[in-house]
Each structure stands twice: as structure tokens, then as C-alpha cells.
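Here the structure comes first, spelled out in C-alpha cells, and everything after it is commentary.
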Amino acid sequence: MTPTEKWLQKLSTSEIKHRDKHDDQLGIYKGYPQLRSFNNQPVYLFTFNAILKLALQKSISFSNELSNEPTLLLNQHTRYSIVPLHVHDYIEINYVISGQVTEWIEGEEYILKSGDMAFINTNTAHTLLKTTEKDIIINILIKKEYFTSSFLNYIPKSGELSKFIAQCLSIENNQPSFLIIRKALSLKPLLLDILKEQLEHQPGYRRIMELNLQVFFIRITREHEYSLYGKANLADSIEDYIEQNFRTVTLKNAAEHFSFHPNYFSKIVHQKTGKTFKQLVQDKQFEFAKNYLINTSWSISQIINEVGISNHSFFYQRFNELYHMSPKEFRQNK
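The sequence shown begins at 2 in my numbering and counts up one residue at a time.
Structure below.
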């Protein structure tokens, strides 16, 4: 463990109070505007300037070249804290250095483990749930003004992740949306180095921190294990994932990909699609099997193996139930 990580592990005064329940945690939010409710729970508006005034421990603020006012705030999430549901007028990144945390976003719960990251757009209701001493999370709060044109020139323009960042910066965009990146391990050293520079205050430390932030955002666009979510596209994301992986996918693997517990993911799949996970996988297997029967000369055994079904008797039985004929008859009729 590096000196910076040891520093992050040390409990702050407020964390000790939260842990020992010696303070009214929700009291500080009573003056915040309440925009709406979600399942009878109030959803508050957090503004960048209001958060800045809290002067949290272990925090660093940055400005861009056009302003002397802070436009980015990097801080450690306060462990043992209770934070109400909220939206904000800034973009937020939650990166898990160590441990894990469950993040509630727009009615769903996502498990974030070490190296995982959530990228939360404005107008997206969310909160981090219970944390313990071992759960180290770095929050990055970003006003849209931070992304100047010269800064954005460093960010690759192609790819889904770049498009998502551009969407977050769009003035017209006000739909809830978020991004979850898994196993983004290349980002951890950059964040730790930023914090190390802040701790040591060596000559040129501010410039090194700013450059590391630029590299951080570029590295985000290089990540491969990610899931993009909008208000209503989780069902599409699940079905797309199954289509790409139906030959070998398991409930456990799919749940891990979407950062859910398997039991909870199973309920979400049925809620969002009207079908069980097993039904969705089988639908895709038989859809492809039909296509192979029509468009290839493969043997039926080859096709069964190709679509990932191990029980040949089950395939024949289910095919008859679905199409009222055998695979051989289906091929002959088509």
C-alpha cells in the first residue's frame, strides 16, 4: 500500500462521527431544493457551488484556463455517510479505489468494485449506499465549463465513450443517463498520483495534477468493459448483450457485466423485458438456429453446438414446440 493509499484509509473526523452516529447526517440537506420524489423519497438538487462550500476534507479544486473560479472538484467520498437521493447541475464520476460500494441510480442498484467507475450525467437521480472503512471511493465533480474547447481537443472524437461525454456536455440534453465502466485499472494510478502531488506540494505540482486529469479523461475513452444507460434503454442493453454472448452467457456473468447481484438482475430482466433471462437466451439460440438451417448446409448437430445448446434432445423437443415441425422439416420447407 502506497503512502497516499494509507492517507486515504485514515478516517477523518467527520467519518468517525458518522460511524459512531454522533451527528445528524441528513440535517445539512434540509435547505437544499427538493425537485421531485422517487418511491416517496425526496430527490434533492445539489449544485456545484453548494458542494464547494462544504469544504470537505481530502478535496482538491481545479479551474480551467478561462476562469479563476473552481470548475472541477476531486474528493474522497465520506465513508459511513448517508446521502439522500439527488440530482446535480454538474457531471459526477465515482471511482472505486478499493473495497466496493452499491450505487443507486434511477431506481436500480449497481455494485461497483475496485477499479469500477460510474459516470453520472446531470439530471440523473442517484446516491451511494452504505460504505465502511475499507471502501475508498474518489468523487470527481465537474462543471460543464471545465471542458473548454482546447481541453476537448485532447479527447478522441470517435467511439461510444467519446459520444457519451459529448452528450453530457450538450446544452439540449436533459435526459437521465449514465455510464458504468468495469475494471478500469489504468485510471487508479492517475488518481493516486494527483492526490500524491497535492499531499507533497512539490514545485510544479498543480501542472502535474492538471496533466494527469487530461490523461485520465483520454484513458476513459480507451476502456472496453462498459455499459451505457439512458432512461429507458436498459432492456435494449440487456438484449444486445445476450445477442452478442448467447452461446456461452450465464446469469452470473451477465449480472456481473451489468454490475448487479444475480438474484436482483434476474428480477430486473423480467421487469424490463417481460421474459426470464433463460427465455431471452433460448429465444436468441433458436433464432440463430433457424437462420443457420435456412442459410447454411451445416448438419443439425453442428448447428446445435454452434448456438451453445449442450442437450440435443432438448433442442429437438423445444424446436417442435416452437415451430410445430422438426428441424429437418423446417429446412426442407424453407
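C-beta atoms are modelled at their ideal positions from N, C-alpha and C, and glycine is treated no differently.
- Simplified DSSP state of residue 323, which is helix, strand or coil: Walking along the sequence shown from the start, residue 323 turns up at place 322. Of the three classes helix, strand and coil, the one that applies to residue 323 here is helix, per DSSP.
- Measure from the alpha carbon of residue 113 to the alpha carbon of each residue in 136, 17 and 212, then state which is nearest. Start at 1 with the first residue of the sequence shown, and residue 113 comes out as number 112. Distance check between residue 113 and each of 136, 17 and 212 places 136 closest, using alpha-carbon atoms only.
- Quickly, what does DSSP pair residue 119 with across the bridge? List them, please. As a first step, residue 119 must be located in the sequence shown, where it is residue number 118. Within the DSSP secondary-structure output, residue 119 pairs in a beta bridge with 95 and 181.
- Query: Looking at the structure shown, is residue 198 part of a helix, part of a strand, or coil, going by DSSP?
  - Reply: Looking up residue 198 in the sequence shown gives position 197. Judged by DSSP in its simplified three-state form, residue 198 adopts helix.
- Query: To which residues does DSSP link residue 89 through a beta bridge?
  - Reply: Residue numbering aside, residue 89 sits at position 88 when the sequence shown is read from its first letter. DSSP output for residue 89 lists 47 as bridge partner(s).
- Give me the Cα-Cα distance between residue 290 and residue 279, rounded to the nearest whole angstrom. Taking the first residue of the sequence shown as position 1, residue 290 is located at position 289. Taking the first residue of the sequence shown as position 1, residue 279 is located at position 278. Using only the alpha carbons, I get a separation of about 16 Å.
- Message: Measuring only the C-alpha atoms, how far is residue 204 from residue 169?
- Response: The residue you call residue 204 lines up with position 203 of the sequence shown. The residue you call residue 169 lines up with position 168 of the sequence shown. Looking at the two C-alpha atoms, the distance is approximately 34 Å.
- Message: Within 8 Å, do at least three Cβ pairs link the region 180-189 to the region 246-254?
- Response: A contact is defined here as three or more CB-CB pairs under 8 Å, and the region 246-254 fails this definition with respect to the region 180-189.
- Strand pairing of residue 127, partner residues [DSSP]: Numbered from 1 along the sequence shown, position 126 holds the residue referred to as residue 127. 87 and 106, per the DSSP bridge assignment.
- Over what stretch of residues does the beta strand (DSSP E) that includes residue 37 continue unbroken? Taking the first residue of the sequence shown as position 1, residue 37 is located at position 36. Judged by DSSP secondary structure, residue 37 falls within the beta strand (DSSP E) whose first and last residues are 35-39.
- By the 10 Å Cβ neighbour count, where 16 or more other Cβ atoms means buried, how is residue 144 classified, buried or exposed? Taking the sequence shown and counting its residues from 1, one reaches residue 144 at position 143. Residue burial is scored here from C-beta neighbours: residue 144 has at least 16 other C-beta atoms within 10 angstroms and is therefore classed as buried.
- Find the nearest neighbour of residue 237 within the set 220, 274, 87 and 303, judged by alpha-carbon distance. Here residue 237 corresponds to residue number 236 of the sequence shown, with the count starting at 1. The residue with the shortest Cα to Cα distance from residue 237 is 274.
- Who does residue 76 pair with in a DSSP beta bridge? To locate residue 76, count along the sequence shown from 1; it is residue 75. Beta-bridge annotation (DSSP): residue 76 is paired with 60 and 140.
- Leaving aside the five residues before and after residue 16 along the sequence, list all residues of the same chain whose C-beta is less than 7 Å from its C-beta, in chain order. Position 15 of the sequence shown, counting from 1, holds the residue named residue 16. Around residue 16: 79, 80 and 81.
- Is the region 97-106 close to the region 125-141, with three or more CB pairs under 8 Å? With a cut-off of 8 Å, the region 125-141 and the region 97-106 count as touching, because enough Cβ pairs lie within range.
- Item | Minimum C-alpha distance to residue 52 - residue among 218, 88 and 334 | Numbered from 1 along the sequence shown, position 51 holds the residue referred to as residue 52. Here the closest residue by C-alpha is 88.
- Query: So is residue 303 buried or exposed if we call it buried at 16+ other beta carbons inside 10 Å?
  - Reply: Numbered from 1 along the sequence shown, position 302 holds the residue referred to as residue 303. Sixteen is the threshold: since fewer than 16 other Cβ atoms of the shown chains lie within 10 Å of the Cβ of residue 303, the residue is exposed.
- Message: What would DSSP say about residue 12, mapped onto helix, strand or coil?
- Response: Locating residue 12 in the sequence shown gives position 11, where the first residue counts as 1. For residue 12, the three-state secondary structure derived from DSSP is coil.
- Does the Cβ of residue 3 have 16 or more other Cβ atoms within 10 Å, making it buried, or fewer, making it exposed? The sequence position of residue 3 within the sequence shown is 2, counting from 1. Residue 3 sits exposed, since fewer than 16 C-beta atoms from the chains shown fall within 10 Å of its C-beta.
- Taking all protein chains shown into account, do 16 or more other C-beta atoms lie within 10 angstroms of the C-beta of residue 277, making it buried, or fewer, making it exposed? Here residue 277 refers to the residue found at position 276 when the sequence shown is read from its first residue. With fewer than 16 neighbouring CB atoms inside 10 Å of its own CB, residue 277 falls in the exposed class.
- How big is the Cα-Cα spacing for residue 59 and residue 192? As a position in the sequence shown, residue 59 is number 58, starting the count at 1. As a position in the sequence shown, residue 192 is number 191, starting the count at 1. Residue 59 and residue 192: Cα-Cα distance of roughly 13 Å.
- Unbroken stretches of the alpha helix (DSSP H), 4 residues or longer, contained in the region 201-235: Entirely contained in the region 201-235, the alpha helix (DSSP H) runs reaching 4 residues are, in chain order, 206-221.
- Given that a residue counts as buried once 16 or more other Cβ atoms are within 10 Å of its Cβ, and exposed if not, what is residue 215? Counting from one through the sequence shown, the residue named residue 215 turns up at place 214. Its Cβ having fewer than 16 others within 10 Å, residue 215 is exposed.
- Own chain, CB closer than 8 Å to residue 244, minus 5 neighbours either side, in chain order: Taking the sequence shown and counting its residues from 1, the one referred to as residue 244 is at position 243. Hits under 8 Å: 285.
- Task: Determine the DSSP secondary structure at residue 156, reduced to helix, strand or coil.
- Result: Taking the sequence shown and counting its residues from 1, one reaches residue 156 at position 155. Correct three-state label for residue 156: coil.
- Exposed or buried, which one is residue 177 when buried takes at least 16 other CB atoms within 10 Å? On the sequence shown, position 176 is the one that residue 177 refers to. The residue is buried, with at least 16 neighbouring Cβ atoms inside 10 Å.
- Query: Run through DSSP, which three-state label would residue 186 get?
  - Reply: In the sequence shown, the residue the question calls residue 186 occupies position 185. Reduced to three states, the DSSP call for residue 186 is helix.
- Message: Assuming residue 179 and residue 230 are in contact, meaning their beta carbons sit under 8 Å apart, how far apart are those beta carbons, in whole angstroms?
- Response: Position 178 of the sequence shown, counted from the first residue, corresponds to residue 179. Position 229 of the sequence shown, counted from the first residue, corresponds to residue 230. The C-beta distance from residue 179 to residue 230 rounds to 5 Å, short enough to meet the 8 Å contact threshold.
- Message: Tell me the DSSP secondary structure of residue 310 in three-state form.
- Response: Along the sequence shown, one-based indexing puts residue 310 at 309. Of the three classes helix, strand and coil, the one that applies to residue 310 here is coil, per DSSP.
- Message: Please report the distance separating the alpha-carbon of residue 140 from that of residue 120.
- Response: Locating residue 140 in the sequence shown gives position 139, where the first residue counts as 1. Locating residue 120 in the sequence shown gives position 119, where the first residue counts as 1. Each residue's Cα considered, the two are about 10 Å apart.
- Item | Simplified DSSP state of residue 1, which is helix, strand or coil | As shown, the chain starts at 2 and ends at 335. That puts residue 1 outside it, with no answer to give.
- What residue range is occupied by the uninterrupted alpha helix (DSSP H) comprising residue 332? Stepping through the sequence shown from its first residue, residue 332 is reached at position 331. Start and end: 328-334.
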